[in-house]
Amino acid sequence: MARLAEGSMTIGDADSTLTQEQIHSHIVESLATLDLDGKSVAVVVPDATRSVPMGKLLPAVHEALAGRATEVKVLIALGTHAAMSEEALGKFLGYEPGNIEATYPGWTVHNHEWWDEDTFADLGVIPAEDVTRYSGGRLEDVPMHVIVNKMAVEADVNLVVGPVLPHEVVGMSGGNKYFFPGLSGHDVIDISHWVGALISSFEIIGTLGVTPVRELINAATDRIPGPKYCVAVVTEAGTSELHSVSVGTTVQAWAAAAGIAAASHITYLDRPYKRVVSVVPEMYEDVWTGAKGFYKMEPVVAEGGELILFAPHITEISEMHPGIAKIGYHNRDYFAKQWDKFKDHPWGELAHSTHLRGMGTYDAETGEEKNRVTVTLASQVPRDVVEAYNLKYMDPADVDLEEMAKDPDTLIVPNAGEVLHRLKDQ
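Quick note: the sequence shown, position 336, residue 336 per the working numbering, numbers continuous.
Below you can see the structure in the form of structure tokens.
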């Protein structure tokens, strides 16, 4: 066991994978050192848009809490994603749908119902001057109202269990990000995501340490009462294996895992490619989530090049965020230089729009928008819809990956969305 970040208990590294016995024993032994006796515990986990073998992790967590915790509620940190069905929950968490009691006796599972204001606890307002400081001066006169799922507030202890990966908004995902935006109301989501957009996904994705966005997230999380612990894991890309498991506070464990994820989930290339084809896996059910296939590859697309999101299973842009239809996909400057026009639109949707459109410029005098790369969507979303959103359409039936791969200026990326690609000189 190593202590890669002060206070964390870590096993594993980026160059190897752990056995199930190592994973189980490390979690049980590490959680045994924490003050959980007689406490109610909220176990906060991701949804299925994060590839992580929860069935390898939760049995150990259950064993560690059995006979110690007075109550355990598992909270699915949806952010603003669609709720998971009972069938999907069972498959993801490792129990027979409809019979969680057989696998995890005493536990209950709850989607974060972000659409229902009655499910939130109000933790007050972070003053505008603090938001300005945390954001590195990017926002002024913007207070941040902190509301979070009341089950996280009512629990004596929160225990996050989930992966750490390069992330387009915060730098590296995980840790306190499972509370905000995972269990959050809109204000923290909108403000933190817009700060990330102002920095740009291109710049912030894969950044280690406490970025301005994580400063905002940490400040909001500090308002949740009680200890906040974390089992932070790093997966082996494209498999159900784990490189590492780190246990500690949500800050300690996250920091340890982030360092390992930076080694395992960032691939450095010698040169950019004129055309990149991201093969979007089926765990991403819409463009809102499947856009990760762009975020992780944008840095290696050549200036004036094209990124194709090949997602023949995707049928819609976003059922949960119909407001995207009002704005389409545009670069950061398009919104920032027309702020009076867009400032009342949900900032989280503005941020998503910029993240998928990528780097570019906008001339407010001429109305001309110039984008660094072309973003093409090859899915079941109809041509007229794709083009109305300011993206390029391609019929997925016309995508021949084998033929495309023969082109030396084309990079085909299977299972796109989790491994970040950057150029060695970036």
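Think of the CB as a built atom: it goes at the ideal place given N, C-alpha and C, for glycine as much as any other residue.
Cβ neighbours of Lys-228 within its own chain (closer than 6 Å, five residues either side excluded): Asn-158 and Thr-250.
Distances from the CA of Phe-202 to each of His-352, Val-28 and His-24 were compared; the closest alpha carbon is that of His-352.
In this structure, DSSP gives Leu-420 an extended state, which the three-state scheme calls strand. By the Cβ-count criterion, Pro-166 is buried, with 16 or more other Cβ atoms from all chains shown falling within 10 Å of its own Cβ. The C-alpha of Val-233 lies about 42 Å from the C-alpha of Asp-340. Comparing alpha-carbon positions, the option among His-62, Gly-206 and Lys-150 lying closest to Glu-168 turns out to be Gly-206. In the DSSP assignment, Val-413 forms a beta bridge with Ser-278.
At a Cβ-Cβ threshold of 8 Å, Val-61 and Val-161 count as neighbours. Listed in chain order, the alpha helix (DSSP H) runs fully inside the stretch 122-194 are 128-134 and 150-154, counting runs of at least 4 residues.
Unbroken alpha helix (DSSP H) runs of no fewer than 4 residues, entirely contained in the stretch 205-253, are found at 212-221, following chain order. A distance below 8 Å separates the beta carbons of Val-413 and Met-297.
Asp-270 and Gly-259 have their C-alpha atoms spaced approximately 22 Å apart. Judged by their CB atoms, Leu-356 and Trp-194 are not nearer to each other than the 8 Å cut-off.
In this structure, Ala-66 is the residue among Gly-79, Thr-235 and Ala-66 with its C-alpha nearest to the C-alpha of Glu-101. Taking 8 Å as the cut-off, the Cβ atoms of Leu-208 and Met-151 do not count as close. One alpha carbon belongs to His-330, the other to Phe-179, and they sit about 28 Å apart.
In terms of CA proximity to Asp-187, Val-146 leads the group Gly-226, Val-146, Ser-200 and Asn-218. Contact check for Asn-415 against Gly-238 passes: the beta carbons are separated by less than 8 Å. Note: Trp-107 is bridge-paired with Val-72 in the DSSP secondary-structure output.
Annotated as proximal: His-112 and Leu-75, with beta-carbon spacing under 8 Å.
Spanning the alpha carbons of Tyr-104 and Tyr-95 requires a straight line of approximately 8 Å. DSSP, reduced to helix, strand and coil, places Ile-317 outside both helices and strands of the structure shown, so it counts as coil. For Leu-309, no alpha helix (DSSP H) segment is defined; the enclosing uninterrupted segment is the beta strand (DSSP E) at 301-311.
Note on geometry: alpha-carbon atoms of Gly-182 and Val-148 lie some 9 Å from one another. As computed with DSSP, Leu-269 is found in a beta bridge with Leu-423. As computed with DSSP, Met-9 is found in a beta bridge with Val-247.
Spanning the alpha carbons of Trp-114 and Lys-343 requires a straight line of approximately 22 Å.
One thing to note: His-421 has its Cβ no nearer than 8 Å to the Cβ of Val-231.
As DSSP reads the structure, Leu-377 sits in a beta bridge with Leu-309 and Tyr-393. For the options Leu-309, Leu-123, Val-125 and Val-142, the alpha carbon positioned closest to that of Thr-132 is the one of Val-142. Nearest in C-alpha terms to Pro-212, of all of Ile-224, Asp-222, Ser-192 and Ala-220, is Ser-192.
With a cutoff of 8 Å on beta-carbon distance, Thr-49 and His-81 are scored as near each other. When secondary structure is reduced to three states using DSSP, Lys-326 falls in the helix class. Under the DSSP assignment, Glu-298 falls outside any beta strand (DSSP E); it carries neither an H nor an E label.
Annotation: the continuous beta strand (DSSP E) that includes Glu-369 extends over 368-371.
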